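Only one structure is covered here, and it is reproduced in the block below.
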Amino acid sequence: MTDNPLTLTMIIGSALVVLAAGAAIAFYVGRRAKTSDDWIVGGRSLPLRVVVFSQFATASGGGVLVAHVGIGYAWGWSVMAYEVACMVGLLLLVVLANWLREQKFDTVPQVISRLFGLDKRVVVIAALCSIVVPFGWLATQFVAFAQLFAQITGISIPVLIAVMAVASLLFVLPGGLLSVAWSDYIFGVFMLIITLFIVGYALYMVGGWGGITASVPERLWSPGSVTLVGWETMVLWAFAIIPGTLTNQLYYQRVFATKNVAMVRKSLVISAFMTLIAGVYAGVLGLVIRAMGADFSVAEREQAAGWYITQLPVWVAAVFAAFLVATIVSTTSSALHSVVTNLVRDLYQQVRGGVRPERELVRMSKLLTVAVTAAAAVLAITFPTALDWLVATYAYSAASLAVPLFVGFALRSRVRLTPLIALAAMGGGVIGSAVAQIAGTTVPYAVYGIAASLGCMLAAIAIGRMSGRGGAPVPSA
């Protein structure tokens with residue numbers, strides 16, 4: 256906690272100014288949201304610049320601010336291996352991108368239903384698997400924000416979680432994705448500018464790159480430090496991150512909302528390479544903190560970012576605080592909107608069934624937005640250790656959805672894909688991950704889950720052919 260009242264006042268003030276500005280943008284743009292399509296997919300009207308910076312703002316959350324800076328502090332440029340894995344995941348989405356936009360989907364479960372046929376069991380399982388990741392992001396971002404600002408300001412963690420929960424509501428309620436994406440766009444531009452400023456100022460504080468090379472062991476700043484964390488860890492990161500990126504609905508929703516098909520692939524490619532900016536930021540900041548003499552063990556590395564803020568001049572600390580708030584609220588609002596989208600489009604409309612009036616759908620979206628926010632905040636405050644378990648369920652989501660999405664897409668014109676095949680693939684992913692987790696495997700258990708999912712899917716296709724149910728492919732897919 257900073258002992259300077261002026262610093263504390265400016266940090267809190269800059270954070271509130273950013274939140275107020277973002278909320279004003281959300282309310283201004285949100286006035287255009289009249290239908291459920293506006294709420295769910297931004298009216299499919301988002302221009303390229305909004306999609307790119309919205310993806311950038313969404314991906315750069317508390318993990319980059321805290322965990323990634325910690326990686327840079329402990330292992331130097333090894334943090335770039337993490338960002339490259341994220342980049343690869345986004346680039347692989349290019350394979351599906353044009354088709355996804357052409358089909359006018361709203362959610363990942365709709366994609367699976369188009370490939371395998373509509374079945375309520377498939378929709379429910381796919382929706383639950385899609386929800387767990389953004390809901391986990393939402394709750395963990397609340398905690399990341401609270402822990403970071405509690406370290407700086409001394410304000411209690413429950414109060415800070417409540418502040419971020421209310422802030423997230425202000426960004427989502429006015430217009431769903433329309434208000435979220437446009438506010439993310441403004442924040443994304445702001446974040447890029449401040450990122451460059453923070454990197455430059457951090458280098459200035461230690462006398463430039465020469466200050467780092469003079470104070471920090473060469474093994475941390477040399478090009479070879481990219482592999483300092485170890486090849487085994489790098490492979491584990493890739494196995495954990497790439498499948499998660501390929502099945503994360505937060506990224507898909509920007510594809511669904513892009514203004515036209517011609518922009519989709521370009522938006523993903525640009526967004527993918529922009530993730531490297533986060534790696535440069537985290538790497539430089541981690542090395543600067545080393546050069547400034549901070550002394551944290553590898554286990555304590557995530558304290559480095561909070562410590563750094565306490566070393567800054569008042570005005571720089573205020574700017575940095577504004578940057579932190581913009582980064583985290585961009586992720587929380589996107590995650591919150593994604594969860595509500597699945598609840599409304601998949602569980603409320605498809606499972607419950609029947610045509611619903613537009614006004615009812617928008618009203619239900621707003622009610623569920625408040626309910627999901629409250630649930631995430633209560634979980635973050637009451638059961639913070641449960642969040643570790645929640646993060647672990649990301650593997651189950653990736654293992655359940657990756658094969659139906661990508662193998663299903665590849666086979667859609669060759670094989671008749673049925674709901675039973677989708678159920679086999681998703682069930683295999685869950686079971687394979689569970690067995691690997693119980694066995695305590697070193698390799699991320701999502702890998703075993705994906706392998707089991709693929710095996711179950713191919714077995715189901717073979718059984719369908721032998722029983723005479725594996726004829727021509729479904730025309731609509």
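Under the numbering used here, think of the first position of the sequence shown as 256, with each following residue one higher.
C-beta: ideal position from N, C-alpha, C; glycine also.
Note that the coordinates shown come from a computational prediction; the quantities given were computed from them, not determined experimentally.
Residue 385 has its alpha-carbon roughly 40 Å from the corresponding atom of residue 566.
The criterion of a C-beta distance shorter than 8 Å is satisfied by residue 577 and residue 272. With a threshold of 16 other beta carbon atoms within 10 Å, residue 665 falls short and is exposed. Residue 439 is not a Cβ neighbour of residue 315, given a cutoff of 8 Å.
Here residue 362 is not bridged, per DSSP, to any residue. The beta-bridge partner set that DSSP reports for residue 301 consists of 513.
The three-state reading of DSSP puts residue 310 in helix, counting H, G and I together.
At the C-beta level, residue 538 and residue 335 come within 8 Å of one another.
Residue 405 places its beta carbon 8 Å or farther from that of residue 461.
The beta carbon of residue 582 sits closer than 8 Å to the beta carbons of 312, 315, 316, 317, 319, 320, 442, 446 from its chain, once the five residues preceding and following it are set aside; these are given in chain order. Of the other Cβ atoms in all chains shown, fewer than 16 fall within 10 Å of the Cβ of residue 275; this residue is therefore exposed. Three or more Cβ pairs drawn from the segment 288–296 and the segment 611–621 lie within less than 8 Å of each other, which places the two stretches in contact.
Of all C-beta pairs linking the segment 386–404 to the segment 413–424, three or more are shorter than 8 Å, placing the two stretches in contact. Taken in chain order, the segment 405–431 contains no complete beta strand (DSSP E) segment of 3 residues or longer. If the five residues before and after residue 525 are omitted, its C-beta is found closer than 7 Å to the C-beta atoms of 307, all from its own chain and listed in chain order. The Cβ atoms of residue 363 and residue 559 lie no closer than 8 Å to each other.
Judged by their CB atoms, residue 658 and residue 680 are nearer to each other than the 8 Å cut-off.
According to the DSSP assignment, residue 712 belongs to the alpha helix (DSSP H) that extends over 700–721. Boundaries of the alpha helix (DSSP H) harbouring residue 613: 613–637, taken from the DSSP string. Exposure of residue 568 is indicated by the presence of fewer than 16 other C-beta atoms within 10 angstroms of its C-beta.
In terms of CA proximity to residue 332, 534 leads the group 455, 534, 628.
Boundaries of the alpha helix (DSSP H) around residue 692: 674–694. The shortest CA-to-CA distance from residue 429 to any of 634, 672, 295 is the one to 295.
In the three-state DSSP reduction, residue 549 falls in the coil class, being neither helix nor strand. The beta carbon of residue 493 sits closer than 7 Å to the beta carbons of 340 from its chain, once the five residues preceding and following it are set aside; these are given in chain order.
Taking all protein chains in view, the Cβ of residue 414 is surrounded by fewer than 16 other Cβ atoms within 10 Å, so the residue is classified as exposed. Going by C-alpha positions, residue 636 is about 12 Å away from residue 628. Excluding its 5 nearest sequence neighbours in each direction, residue 703 has C-beta neighbours in its own chain below 6 Å: 687, 691, listed in chain order. Taking the CA atoms as reference points, residue 479 sits about 12 Å from residue 472. Taking residue 531 as the centre and dropping the five residues before and after it, the same chain places the C-beta of 335, 338, 339, 342 closer than 8 Å to its C-beta, in chain order.
Under the three-state reduction of DSSP output, residue 375 falls in the helix class.
CA-to-CA, the gap between residue 549 and residue 458 works out to about 15 Å.
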